[in-house]
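Comments concern the structure below.
Protein chains: 2
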Amino acid sequence: MANSPSGDSMAERIVRVISAFDSENPSMPVATLARRAGLPLSTAHRLAAELASLKVLQKSGTGELRLGMRLWELASRSSSALDLRQVAMPFMEDIQAVIRQHTQLSVLQDDEVLFIERLSSRGSVANFARVAGRLPLHISSSGMVMMAHAPRHVQEEFLARHRDDPAPFPAADELRRQWAGIRREGCATLPGVVDPETTGIAVPIFGPQGPAVAALGVVVPRGSENTSATVPALMTAARGISRGLGTHSAEAGPRHGSGAAAGD
Amino acid sequence: MANSPSGDSMAERIVRVISAFDSENPSMPVATLARRAGLPLSTAHRLAAELASLKVLQKSGTGELRLGMRLWELASRSSSALDLRQVAMPFMEDIQAVIRQHTQLSVLQDDEVLFIERLSSRGSVANFARVAGRLPLHISSSGMVMMAHAPRHVQEEFLARHRDDPAPFPAADELRRQWAGIRREGCATLPGVVDPETTGIAVPIFGPQGPAVAALGVVVPRGSENTSATVPALMTAARGISRGLGTHSAEAGPRHGSGAAAGD
Chain A
1 MANSPSGDSM
11 AERIVRVISA
21 FDSENPSMPV
31 ATLARRAGLP
41 LSTAHRLAAE
51 LASLKVLQKS
61 GTGELRLGMR
71 LWELASRSSS
81 ALDLRQVAMP
91 FMEDIQAVIR
101 QHTQLSVLQD
111 DEVLFIERLS
121 SRGSVANFAR
131 VAGRLPLHIS
141 SSGMVMMAHA
151 PRHVQEEFLA
161 RHRDDPAPFP
171 AADELRRQWA
181 GIRREGCATL
191 PGVVDPETTG
201 IAVPIFGPQG
211 PAVAALGVVV
221 PRGSENTSAT
231 VPALMTAARG
241 ISRGLGTHSA
251 EAGPRHGSGA
261 AAGD
Chain B
265 MANSPSGDSM
275 AERIVRVISA
285 FDSENPSMPV
295 ATLARRAGLP
305 LSTAHRLAAE
315 LASLKVLQKS
325 GTGELRLGMR
335 LWELASRSSS
345 ALDLRQVAMP
355 FMEDIQAVIR
365 QHTQLSVLQD
375 DEVLFIERLS
385 SRGSVANFAR
395 VAGRLPLHIS
405 SSGMVMMAHA
415 PRHVQEEFLA
425 RHRDDPAPFP
435 AADELRRQWA
445 GIRREGCATL
455 PGVVDPETTG
465 IAVPIFGPQG
475 PAVAALGVVV
485 PRGSENTSAT
495 VPALMTAARG
505 ISRGLGTHSA
515 EAGPRHGSGA
525 AAGD
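These protein sequence lines map, in sequence, to chains A and B. Take 1 as the starting number for the first sequence in my numbering and just add one per residue. Take 265 as the starting number for the second sequence in my numbering and just add one per residue.
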């Protein structure tokens, strides 16, 4: 429907225009937008004007375009990201009050970790994750803990999709071994993978249907992880979030050090 | 471009589809979507399928449609709402730690208050605002404090647009009087307007161009407002946020009790 000569639909072109903006490129002139969205300049001009009239885009004083506040509002007011966040937020604040480092909430999306929320203290260590930012699954404690607690067929499909990924992507057997260890522990601890100075620690959040639907994690200075204190606090908060999502508490996840996780 | 027989463009129809979802209606069957978006059922079917293939919509197990996580991600990763939020968040956490009640950040949008962020403590009083939710400007302390610190012509344009609003919308002279008082105080205190049990207290956040670009507020139990403690804390945090936005500190707003605000 409403296809252009090149065969892409209007809906597809609109999504390409919106996708042209990201955290590194929050605003741009229309020529840059045309190039990044892969559209002829005249098409980009017309589409940008129409999207600006609908408040999906807004024009700055200098004539640059950026995403409009209206798009954020429409996308946010009924999003499942905000539902999850709303349930998780008081528990995240508890964790941040106790651990005093970055506390983050994430989901799996397209084989990557998508960060839904992040609380930072001034003075906490650096953290490369940002809200609505992504990290590759295998370098993030949050990603690894979610995949470790996914059904076996989901894990195998992930491995099949990445069979030909070049190093440093880990071998399938290495990942299977790591996931088994994470299931035994009930948490993922990845020291210095994203940043040599920090360690990510994450636990799964289980949904009413069983598998992990999200991860709760902290980023702490490497060498002072104190996992014996951090992990029980994270697990306690994750169980509270699971309960808030409607998950029966007996299924809300492993107990610390119990080795009672599914699998193996 | 790509207009339907009824004259609305494809972009407009897509925005109508997205706008059909809100916090009260986060998911719905396609027939409801068609009705809420004002589209023929067959058009809604085709458009929903196309938007689902682009991950703008997603289908639940029961076949209901809702907004996709992908739309939230695209809208969030370069939004000015998240930029403001990122600067404000550490200061909001400070306020919440000190005041221990709902702390919220908002902007003006279409003569209403749009809430960008909200931190709640368990045990804090009820609050009708939610993230990406709106309230009418004149019943919200955040809305009143932003409009009180807007340029005079912006205030008069607002009053002209609402000249014929029926009661309980206040008379123009009453609003002008309240704005003058708010400018003198440097904060807006609205006891029991949204909810008879609570009081909203808000201060302006000034942007680099001068006018208030946002408001920082708290919602506290009515009768225990303790404004002499709350307002200086809010003003201190608001100046920190203004500075983070690139506003020179001499212009970052009135001092508590100084009567040094612009106007009057």
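Beta carbons are placed, not taken as given, at the ideal position from N, Cα and C, and that holds for glycine. Predicted, not measured: the structure shown is a model, and the values here were computed from it.
How would you write the range of the beta strand (DSSP E) that threonine 199 (chain A) sits in, first residue to last? For threonine 199 (chain A), the enclosing beta strand (DSSP E) has its first and last residue at 198 to 206.
Please identify the residue among B:Leu399, B:Arg427, B:Ala414, B:His309 whose C-alpha is closest to the C-alpha of isoleucine 446 (chain B). With distances taken between Cα atoms, isoleucine 446 (chain B) lies closest to B:Ala414.
Below 8 Å between beta carbons: does that hold for proline 204 (chain A) and alanine 180 (chain A)? If you check the CB distance, proline 204 (chain A) and alanine 180 (chain A) do not come in under 8 Å.
So tryptophan 336 (chain B) contacts chain A; which residues on that side make the cut at Cβ distance below 7 Å? Within 7 Å Cβ-Cβ: Ala75, Ser76, Ser79, Ala81.
Helix, strand or coil at valine 194 (chain A) according to DSSP, with G and I counted as helix: Of the three classes helix, strand and coil, the one that applies to valine 194 (chain A) here is coil, per DSSP.
Can you list, in chain order, the residues of the region 7 to 25 of chain A whose Cβ is nearer than 8 Å to any Cβ on chain B? From the region 7 to 25 of chain A, only Ser9, Met10, Ala11, Glu12, Ile14, Val15, Ile18, Ser19, Phe21, Asp22, Ser23, Asn25 have a Cβ closer than 8 Å to chain B.
If you measure from the beta carbon of serine 120 (chain A) to each beta carbon in chain B, is any gap under 8 Å? So, interface residue.
Compare the beta carbon distance of leucine 369 (chain B) and alanine 478 (chain B) with 8 Å and say whether it is the shorter of the two. Yes, these two residues count as a Cβ contact at 8 Å.
When A:Asp83, A:Ala81, A:Pro208, A:Val30 are compared against leucine 57 (chain A), the one with the closest alpha-carbon: Answer by Cα proximity: A:Val30.
So is methionine 147 (chain A) in contact with chain B if we call contact Cβ pairs under 8 Å? Closer than 8 Å: no.
Tell me which same chain residues have a C-beta within less than 7 Å of the C-beta of alanine 202 (chain A), skipping the five on either side of it? Hits under 7 Å: Ser141, Ser142, Val145, Cys187, Ala188, Ala215, Leu216, Gly217.
Where the beta strand (DSSP E) containing phenylalanine 115 (chain A) begins and where it ends: Taken as a continuous stretch (DSSP letters only), the beta strand (DSSP E) holding phenylalanine 115 (chain A) covers 112 to 119.
In angstroms, rounded to a whole number, what distance separates the CA positions of alanine 425 (chain B) and histidine 417 (chain B)? Going by the sequence as given, residue 425 (chain B) is arginine instead of alanine. If you take the alpha carbons of arginine 425 (chain B) and histidine 417 (chain B), they lie about 12 Å apart.
7 Å Cβ cut-off: residues of chain B touching valine 220 (chain A): In chain order: nothing, as chain B lies at least about 18 Å away.
Name the chain A residues whose beta carbon is nearer than 9 Å to that of arginine 330 (chain B)? The contacting residues are Ser78, Ser79, Ser80.
How would you label glycine 464 (chain B), buried or exposed, when you count the other beta carbons within 10 angstroms and need 16 or more for buried? Glycine 464 (chain B) comes out buried.
Which bits of chain A does glycine 397 (chain B) rub up against, with CB to CB less than 8 Å? Proximity of chain A to glycine 397 (chain B) at the Cβ level (cut-off 8 Å) is accounted for by Arg77, in chain order.
Would you give the residue range spanned by the alpha helix (DSSP H) that valine 17 (chain A) belongs to? Counting along the chain, the alpha helix (DSSP H) containing valine 17 (chain A) begins and ends at 10 to 19.
Measure the alpha-carbon distance for leucine 119 (chain A) versus arginine 330 (chain B) and round it to whole angstroms. Just so you know, the alpha carbons of leucine 119 (chain A) and arginine 330 (chain B) end up roughly 27 Å apart.
I want to verify the contact list: residues of chain A whose CB lies under 8 Å from the CB of glutamate 376 (chain B), in sequence order. By Cβ distance, chain A contributes nothing, its closest Cβ being about 10 Å from glutamate 376 (chain B), past 8 Å.
Of all the CB atoms in chain A, is at least one closer than 8 Å to the CB of leucine 318 (chain B)? Yes, its Cβ sits closer than 8 Å to a Cβ of chain A.
Could you tell me whether any Cβ in chain A is nearer than 8 Å to the Cβ of methionine 265 (chain B)? Residue placement at methionine 265 (chain B) cannot be trusted, given a pLDDT of 45 that sits under 50; what the coordinates show is reported in the next sentence. Taking Cβ atoms only, chain A reaches closer than 8 Å to methionine 265 (chain B), which makes this a yes.
Buried versus exposed, by CB contacts within 10 Å (16 or more), glutamate 73 (chain A): Counting other Cβ atoms within 10 Å of its Cβ, glutamate 73 (chain A) reaches 16 or more and is therefore classed as buried.
By the criterion of Cβ-Cβ separation under 8 Å, what are the contact partners of leucine 137 (chain A) in chain B? What leucine 137 (chain A) touches in chain B: nothing, since even the nearest Cβ is about 15 Å away.
What does the Cβ neighbour count give for serine 60 (chain A), buried or exposed, with the cut at 16 atoms within 10 Å? Burial call: exposed.
Could you give the distance in angstroms between the alpha-carbon of aspartate 110 (chain A) and the alpha-carbon of alanine 44 (chain A)? Whole-angstrom Cα-Cα distance: 28 Å.
Local conformation of valine 154 (chain A) per DSSP, three classes: Helix.
Let me know the secondary structure DSSP gives valine 219 (chain A) once reduced to three states. Of the three classes helix, strand and coil, the one that applies to valine 219 (chain A) here is strand, per DSSP.
In this structure, how does DSSP classify valine 213 (chain A) when only helix, strand and coil are distinguished? In the three-state reduction of the DSSP assignment, valine 213 (chain A) falls in the strand class, which pools E and B.
Would you check if the distance between the CB atom of phenylalanine 91 (chain A) and the CB atom of isoleucine 241 (chain A) is smaller than 8 Å? A contact, by the Cβ cut-off of 8 Å.
Residues of chain B with a CB under 9 Å from the CB of methionine 107 (chain A): which are they? Sequence check: residue 107 (chain A) is valine here, not methionine. For valine 107 (chain A), the neighbours in chain B by C-beta distance under 9 Å run, in chain order, Met333.
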